[in-house]
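Notes follow the structure.
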Amino acid sequence: MHRPMEWKREIARSALSLARSAQAERDNESCFFVCAAGVHRLIRRFHVKHTDAQLDMVAWKLDESDKEMVVSGDNQDLCVMNLLKSVTEVRNDYQNLRKELMEVQALQRELSDKLRRQLRHVHGKFAQLRERLAAANAQ
Numbered sequence: 001m002h003r004p005m006e007w008k009r010e011i012a013r014s015a016l017s018l019a020r021s022a023q024a025e026r027d028n029e030s031c032f033f034v035c036a037a038g039v040h041r042l043i044r045r046f047h048v049k050h051t052d053a054q055l056d057m058v059a060w061k062l063d064e065s066d067k068e069m070v071v072s073g074d075n076q077d078l079c080v081m082n083l084l085k086s087v088t089e090v091r092n093d094y095q096n097l098r099k100e101l102m103e104v105q106a107l108q109r110e111l112s113d114k115l116r117r118q119l120r121h122v123h124g125k126f127a128q129l130r131e132r133l134a135a136a137n138a139q
């Protein structure tokens, strides 16, 4: 038969083991969130650079159309057609940019949802470990 002192020692070992497991879970959780935040920043940085490039292209097209209007002032029909073409291109670029921004927002929402689900899972595991520890201490 086990003596009471051995039981206490065994319970203490179990409690320490569970505490270490809980700490490992917290460490894994924080590591995961650091990695996820890095991915989130990378996605945002890429799309911001891409958006800046597209906006620069739109500004360049507008400048070019302004220059064409000044140069070809006597040829009204051609000038109007070029202006309409430029406006159409700018509108298309804007729509593409808006679509890409919506995709980025969807990716961000998806990432946030996954992080929330994993956080709930980690909290559930931690609660189970806490319950085991409490049950072991109660015995």
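Quick note on full-length UniProt numbering: the sequence shown kicks off at 1 and runs consecutively. Ideal Cβ placement from N, Cα and C applies to all residues, glycine included.
Quiz item: In chain order, what residues of the same chain have a beta carbon less than 8 Å from the beta carbon of residue 64, not counting five sequence neighbours either side?
Solution: 86
Quiz item: Given a threshold of 16 other Cβ atoms within 10 Å of its Cβ, counted over all protein chains shown, does residue 55 qualify as buried or as exposed?
Solution: Its Cβ having fewer than 16 others within 10 Å, residue 55 is exposed.
Self-check item: 9 Å Cβ cutoff met for residue 90 and residue 61
Solution: yes
Quiz item: residue 108 by DSSP, collapsed to three states: which one?
Solution: Residue 108 carries a helical assignment under DSSP once its states are collapsed to helix, strand and coil.
Exercise. Counting only the same chain and skipping the five closest in sequence on each side, list residues whose C-beta sits under 7 Å from that of residue 93.
Key: 54, 57 and 58
Practice problem: Answer with buried or exposed for residue 119, where buried requires no fewer than 16 other C-beta atoms within 10 angstroms of its C-beta. | Solution: exposed
Exercise. Tell me whether residue 133 is buried or exposed, calling it buried when 16 or more other Cβ atoms sit within 10 Å of its Cβ.
Key: Buried is the label assigned to residue 133, since at least 16 other Cβ atoms lie within 10 Å of its Cβ.
Self-check item: Through-space distance from residue 128 to residue 105, alpha-carbon basis
Solution: 35 Å
Self-check item: residue 112 versus residue 77 - alpha carbon distance
Solution: 52 Å
Quiz item: Is residue 92 helix, strand or coil by DSSP?
Solution: helix
Exercise. Measure the CB-CB distance between residue 51 and residue 103 and report whether it falls below 9 Å.
Key: no
Practice problem: Work out the CA separation of residue 122 and residue 139 for me, nearest whole Å. | Solution: 26 Å
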